[in-house]
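So the sequence lines, in the order shown, correspond to chains A and B.
Take the first sequence: its position 488, counted from the start at 1, is 488 in the numbering used here, and no numbers get skipped.
Position in the second sequence (from 1) plus 521 gives the number in the numbering used here.
All C-beta atoms, glycine included, are put in the ideal place defined by N, C-alpha and C.
Since the structure is predicted, the reported quantities are computational estimates derived from the model, not experimental observations.
Take a look at the structure below.
Protein chains: 2
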Amino acid sequence: MPNGAQILISGLVDGGVRACFANPGTSEMHFVAALDAVPEMRPVLCLFEGVATGAADGYGRMAGRPACTLMHLGPGLAGGLSNLHNARRAASPVVNVVGDHALRHKRLDAPLESDIGALAGTVSAWTRRTYHAEELAGDVRQAVAAAAGPPGAIATLIVPADVSWSQAGEPPAAAPPPAARRGLVSVDAVTGAADALGSGESAALLLGGDAVRGPAFAAAGRVAAATGAKLLCETFPARQERGAGRPVAERLAYLASGASRQLAGLRHLVLAGAASPVSFFAYPGRDGGLVPDGCAVHTLSAGTEDVTAALEGLAEVVGPGASPVRAAAARPALPSGDLTAESAAAVIGALLPDGAIVVDEANTSGIWLPGATAGAPPHDWLTLTGGAMGQGLPLAVGAAVACPDRPVLALVGDGASMYTPQALWTQAREGLDVTTVVFDNGSYAILNLELGAVGAAPGGPRARRLLDLSGPPLDFVALARGMGVPAERATTAAEFTALLKRGLAEPGPLLIACRVPALGL
Amino acid sequence: MPNGAQILISGLVDGGVRACFANPGTSEMHFVAALDAVPEMRPVLCLFEGVATGAADGYGRMAGRPACTLMHLGPGLAGGLSNLHNARRAASPVVNVVGDHALRHKRLDAPLESDIGALAGTVSAWTRRTYHAEELAGDVRQAVAAAAGPPGAIATLIVPADVSWSQAGEPPAAAPPPAARRGLVSVDAVTGAADALGSGESAALLLGGDAVRGPAFAAAGRVAAATGAKLLCETFPARQERGAGRPVAERLAYLASGASRQLAGLRHLVLAGAASPVSFFAYPGRDGGLVPDGCAVHTLSAGTEDVTAALEGLAEVVGPGASPVRAAAARPALPSGDLTAESAAAVIGALLPDGAIVVDEANTSGIWLPGATAGAPPHDWLTLTGGAMGQGLPLAVGAAVACPDRPVLALVGDGASMYTPQALWTQAREGLDVTTVVFDNGSYAILNLELGAVGAAPGGPRARRLLDLSGPPLDFVALARGMGVPAERATTAAEFTALLKRGLAEPGPLLIACRVPALGL
């Protein structure tokens, strides 16, 4: 008779889960012991829970189906919550398996006891604690279905240790729960959008979620070609398809002032899988909503509705034969001279390989990247969906596990990289083909910028020091090598070019530390 | 007119808060800008929130009054929760200041929006969101009072950005809330304990919380001397006073089998500031409670009751003139030969300086430490109270900030150190006198042990690999140097001796990486 842990892993594999990003503890030892009998499940050890959850997010975005995490009671889940927040915002499918004390142990208030359900509830669309091994098979099926969506979501299954170690009969074969279906948008929504776009007034489509990839994006391109509408993309898409031959959607800027400029003059904004745009933060005296006065907002597809069907329907209505405007193949020239965020972006644009997966947590150092890579060969662009720093390095781990045949390029700021540097060890451990570029400007540059934007006092030496990372300087080459990842420093554009070529050509990980000036925005 | 952030910082300082362990974001920029005007508050930048909260815990344990943290919305707080779990178990005083979106921004569901209150509630005794700048002064007073206790607790104040940036009149002078008082135990509790200890049957006092330090501990020593009762200490005390000249209390073992041996044969167990002992984890077929059959449990002092008054009263009753048994001064000889967890413990026992603060997250590599240091000069021992790994390095930061004139020795396992390695950067940044010893055994050794203890299958190669940290090996010297902390490797007992002498003699941080065999327990 199998025990609960064996039933659990088998159920995950039956549901299509193939990777487990794990940071286990004692309560999860039966799960760990059961892994050897299930070769379909790839266990990936992470040294911090935030790496496990960020990796599961990256895996889900690229594989389109959930990986699972394995974490240790409430404190383990707590460590993973920040990146689960990002995963929730990305609508990534993730199944969390969180071990718990044996049920009869819970009332004893042992040191690790805490309210796991409350923690899970802050990020999960589905949370359940299993009380009997016999119930595990059904609970796992539901967890996987809840995570898989569409849309993808976070499902958290809390598994007490005694449920893992108890034996239960082989679960009866059961059909998986029927796959969720996205709701169809109404004809009114389609005709409303068509009327707005055909009004002759200035109009844009704002794309989010699935609308910036695959057939939905192609349809959006046809709509734009037929109507002259501008294609915009939400500020932080989970996964945007970009590059030569693909439709072009301009991402809304992070700073409210920039986004307002992009939206200025519009009379119609049609939302396709995106919410009405709001600023990332509030600023004194500014409205949080970004839609300009006089601009009507039309919802083509909201929430869980089928944005692909909606955009295809809209394209049928507005221009059945239209051919989308596609990005031309174009690369920047390889720069020489100083290494700056701008010249680094040109190097990346010049060298980005076909099929690359770009993980972008470069923050202020990344502002030239979209322009420099717009005409590079087709690639996917993954962004910081929830604003919780420390997503980039783990996301790259998961993307590389999901897509072992594609090069992964992780572009991260120095500050951002230090929330989850342990991801580098997992890159080395698993031999993942990730090239990491750390933009080392010695500061929380984005906060220096925000300090002024929120109207705070200019900041004296103590305030400035709280945003400064230069004393002592972080030596990212030493950090990476300390975790088994080869690493080099680039101080000129030419050095960066040589190193990026090497990283993209070699299998396995490489970290390139780029010393760049902080932006004087 | 001051703004909310200025009122907030002034209120913290008025309440005795002198250190702010910060990982700020945009919503906290007014707080940051206000720091320059308040020299009494020392801002300490941490590169990850778990470092900030662990440091606040260490500060609170040593200073006896709260530090504050500064964290960025829900995802920032989430990153700090694991070490807040430990702080809660330690009854450490901590005030969390968590920034939030401006109130009118919250309904817009911007990317960082999440349920901060739900997260805070899992660890906090007191949680409040301030809605108006005028209310901040009162809320800060209450937060500090709630944190200060006694007993110490976690208070979380959620401060929307617009409350920080709004101006308010100078708050009226107000007396601080009356200090909480611990409840007095009943005469019955004292006489019941006295009767049990005087029964002539085998008896022990189990000390927890404040009972292992100061006058409470001295009184416990007198009780033991007068009655012959054994003094035991809870497994994971927040702060245990130890060393030559102090009473001796034997810590209950982490493993249930060991603790059961320590408790075997007792007929009376008197609880003083400790809960009735339970095993850390449940094991198949074992009871979670550790009190042996036939042993009566007597509660002298529970929960928030005044354990010092209780023990002093008990000492008055059972032996007014008794003199406590005190640990004799004794140090192990400096060992030669191989470096092992056992020989390293002897080196530490031989060299531990007077007044040292020892932070112990050495896990399996630490089992010889209590014996080797029992007769060292007086020192404080801080342990992993809540079982959430990654406490040691941050705790050392906070202890060093609280006690700049005392040497801090952080003893951490390789696995444990990798949850919060960013603490090393803050050590370097602040020039903290912390000597860190990493016991590098290349594995999650405690889990190899637990894998057997929970009765899981022996584990095949995939299971074993999930507990293995040796591929690639972690180079702690490179990691530390990468964060600005000088570091060296010790491979023999003699090398470790020389390095530990250097670390203890020099100001500022040093990390010593000790390659030791994993225990074959």
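Check	Outcome
Figure out for me which residue from A:167, A:193, A:61, A:339 has the closest Cα to the Cα of residue 299 of chain A.	A:193
Specify, as a first and last residue, the run of the alpha helix (DSSP H) that residue 443 of chain A falls within.	Segment: none, residue 443 of chain A is in no alpha helix (DSSP H) and carries neither H nor E.
Looking at chain A, is there any beta carbon in it that lies within less than 9 Å of the beta carbon of residue 981 of chain B?	yes
Helix, strand or coil: how does DSSP classify residue 521 of chain A here?	Reliability fails at residue 521 of chain A, whose pLDDT of 49 lies under 50, so the model's placement of it is uncertain and the value that follows must be treated cautiously. Coil.
Considering just the uninterrupted stretch of the beta strand (DSSP E) at residue 678 of chain B, what are its terminal residues?	675-681
So, for residue 46 of chain A: in the same chain, excluding its five sequence neighbours on each side, which residues have a beta-carbon less than 6 Å away from its beta-carbon?	21, 23, 52, 426
Quick check on the DSSP output: what are the complete beta strand (DSSP E) runs of length 3 or more inside the segment 320-396 of chain A, in order along the chain?	357-361, 379-383
Are any of the Cβ atoms in chain A nearer than 9 Å to that of residue 812 of chain B?	no
Find the residues of chain A that neighbour residue 569 of chain B, judging by a C-beta separation of less than 7 Å, and give them in chain order.	418, 419
Straight-line CA distance for residue 367 of chain A to residue 217 of chain A?	23 Å
Roughly how many whole angstroms lie between the Cα atoms of residue 179 of chain A and residue 66 of chain A?	14 Å
With a CB to CB cut of under 6 Å and the five nearest residues on each side skipped, what residues in its chain are close to residue 475 of chain B?	The first residue shown for chain B is 522 and the last is 1042, placing residue 475 of chain B beyond what the model contains.
Can you look up residue 27 of chain A in the DSSP assignment and give me helix, strand or coil?	helix
Rounded to the nearest angstrom, how far is the Cβ of residue 908 of chain B from that of residue 112 of chain A, given a contact under 8 Å?	4 Å
Given a limit of 9 Å on CB to CB distance, which residues of the segment 417-445 of chain A reach chain B?	418, 419, 420, 421, 422, 425, 428, 429, 444
Quick one: any contact between the segment 3-10 of chain A and the segment 33-48 of chain A, if contact means 3 or more CB pairs under 8 Å?	yes
Cα-Cα, which of B:962, B:537, B:656, B:898 is closest to residue 562 of chain B?	B:537
Let me check understanding here. Comparing Cα to Cα, which of A:74, A:456, A:280 lies closest to residue 640 of chain B?	A:74
For residue 524 of chain B, which residues does DSSP report across the bridge?	B:688
Which residues, in order along the segment 995-1006 of chain B, keep a beta-carbon less than 9 Å from a beta-carbon of chain A?	995, 996, 997, 998, 999, 1000, 1001, 1002, 1003, 1004, 1005, 1006
What runs of the beta strand (DSSP E), each 3 residues or longer, lie entirely inside the segment 418-500 of chain A?	434-440, 487-490
Measuring only the C-alpha atoms, how far is residue 126 of chain A from residue 151 of chain A?	13 Å
So residue 805 of chain B is in the beta strand (DSSP E); what residue range does that whole segment cover?	Unbroken run through residue 805 of chain B: none, as it is neither H nor E.
Taking residue 210 of chain A and residue 304 of chain A to be in contact with their CB atoms under 8 Å, please state how far apart those CB atoms are, rounded to whole angstroms.	Incorrect: roughly 11 Å between the Cβ atoms, too far for contact.
Can we say the segment 261-274 of chain A touches the segment 383-400 of chain A, given the rule of at least three CB pairs closer than 8 Å?	no
Grouping DSSP H, G and I as helix and E and B as strand, with all else coil, what is residue 85 of chain A?	helix
DSSP three-state call for residue 815 of chain B: helix, strand or coil?	coil
Between the C-alpha atoms of residue 839 of chain B and residue 872 of chain B, what's the straight-line distance to the nearest angstrom?	38 Å
Less than 9 Å between CB atoms is the rule here; does residue 43 of chain A satisfy it with respect to chain B?	yes
Ends of the beta strand (DSSP E) at residue 19 of chain A?	19-22
Inspect the beta-carbon positions of residue 331 of chain A and residue 247 of chain A and report whether they are closer than 9 Å.	no
Using a C-beta cutoff of 9 Å, does residue 521 of chain A count as contacting chain B?	Low confidence applies here, because residue 521 of chain A scores a pLDDT of 49, under 50, leaving its location unreliable and the question unanswered by this model.
Please confirm whether residue 996 of chain B and residue 1034 of chain B have their CB atoms less than 9 Å apart.	yes
Determine the closest residue to residue 454 of chain A out of A:283, A:515, A:185, A:411, with distance taken between C-alpha atoms.	A:283
Based on DSSP bridge pairs, tell me the residues matched to residue 754 of chain B.	B:728, B:772
Any C-beta of chain C sitting closer than 9 Å to the C-beta of residue 122 of chain A?	Considering every chain present, this structure includes no chain C. Its protein chains are A and B.
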